[in-house]
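Numbering (our numbering), first residue to last: 5 to 332.
So, in structure tokens, the structure goes:
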């Protein structure tokens with residue numbers, strides 16, 4: 005039997021024994037944790053919640069004697085979800101799916117510190133049923149948006165629809181266009197960012213560029229240059245956690261007012277005093293990352309029709325852009 009120990013309430017650690025024969029990581033974990041489904045374990049691997057010798061890896065990795073495997077379980081998984089009557093801005097709905105325009109500030113699914121008041125709680129109150137492919141705490145969610153990112157999300161009401169949409173997502177058949185205000189003026193006015201992402205080992209709530217991570221591709225185009233900032237159109241080819249935010253930070257042009265990746269001190273220090281004073285004032289007024297999921301397009305899994313939706317630029321972003329334009 006393998007040596008293992010509980011590191012805290014929501015993580016486990018295993019050491020692969022010296023006599024262990026070649027075996028896939030997900031199979032190895034299934035044998036160690038028979039009460040946990042293989043699908044759930046694979047999902048934890050895909051979400052970089054399983055580390056081998058401190059590094060995220062793939063479910064098909066062949067475990068080797070002596071390797072240390074850490075598994076991190078989200079703290080919210082043991083808590084029942086309650087439907088809550090929270091207003092929803094539903095752009096489209098039929099018996100199979102719905103498309104929601106999520107406001108900034110609304111958490112998508114329960115997690116530690118946000119067990120209620122989420123989009124999932126609102127969806128449970130609105131829908132009689134949602135798919136459970138994503139797990140009991142993420143019913144219906146085919147993809148996600150960060151708390152302070154606004155814009156469009158598609159939600160599946162049944163498992164067949166969920167699987168079909170997830171397949172479109174993995175094959176890069178779902179079109180997702182974002183708009184963002186970022187710091188500075190980009191040297192290249194359009195480009196393709198290919199930089200693998202992984203969880204930051206120093207802070208697992210954050211992501212960072214890491215060649216050992218998962219493939220991540222973002223295309224961008226500068227729509228307008230404004231005072232100390234640029235207005236961008238961005239298209240995702242992949243959908244990694246915090247992808248746009250980390251990719252733009254890696255270019256030296258983080259999303260404006262991004263508390264995690266914005267580097268505001270560094271950005272302000274590079275400005276002339278008058279501009280620095282203006283931008284400090286705007287940072288106090290606009291306190292969420294200026295990122296919006298504007299367009300969403302996919303093929304309906306049942307009807308085969310190509311659906312396309314647009315969410316107008318929210319009021320706070322419009323106001324910021326207008327101020328920055330007038331200062332030029």
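Using N, Cα and C, we set each Cβ at its ideal position, and we do this for glycine too.
Query	Result
Of the residues 136, 93, 140 and 108, the one placed nearest residue 115, counting alpha carbons only	140
9 Å Cβ cutoff met for residue 213 and residue 190	no
Three-state secondary structure assigned by DSSP to residue 119	coil
Beta-carbon contacts of residue 82 that lie in its chain and below 7 Å, excluding the five residues immediately before and after	With a pLDDT of only 43 at residue 82, under 50, the local geometry of the prediction cannot be trusted, and the value read off the model is given with reservation. Correct list: empty, nothing qualifies.
Coil, strand or helix - residue 93 by DSSP	coil
Unbroken stretches of the beta strand (DSSP E), 3 residues or longer, contained in the stretch 170-222	179-187, 194-198, 201-204 and 207-213
N- and C-terminal bounds of the alpha helix (DSSP H) containing residue 333	Given that the chain is displayed from residue 5 to residue 332, the structure contains no residue 333 and the question cannot be resolved.
Residues near residue 34 by beta carbon distance below 7 Å, same chain, minus five either side	42 and 45
Three-pair Cβ contact test at 8 Å for the stretch 285-298 versus the stretch 314-328	yes
Distance, residue 122 Cα to residue 80 Cα	Only weak support is given to the placement of residue 80: the predicted model assigns it a pLDDT of 45, under 50, and the question is left unresolved by the model.
Contacting residues, own chain, Cβ-Cβ under 6 Å from residue 99 (five flanking each side not counted)	none
Chain D contact for residue 261 (CB, 9 Å cutoff)	Going by chain labels, chain D is absent from the structure shown, which holds only one protein chain.
Cutoff 7 Å; reference residue 52; Cβ partners in own chain excluding five residues on either side	60, 202 and 203
Assigned secondary structure, residue 20 (DSSP; H/G/I helix, E/B strand, else coil)	coil
At least 3 beta-carbon pairs within less than 8 Å: the stretch 18-28 vs the stretch 65-78	yes
Environment of residue 176 [buried if 16+ CB atoms lie within 10 Å]	exposed
Reduced DSSP secondary structure (H/G/I, E/B, other) of residue 276	coil
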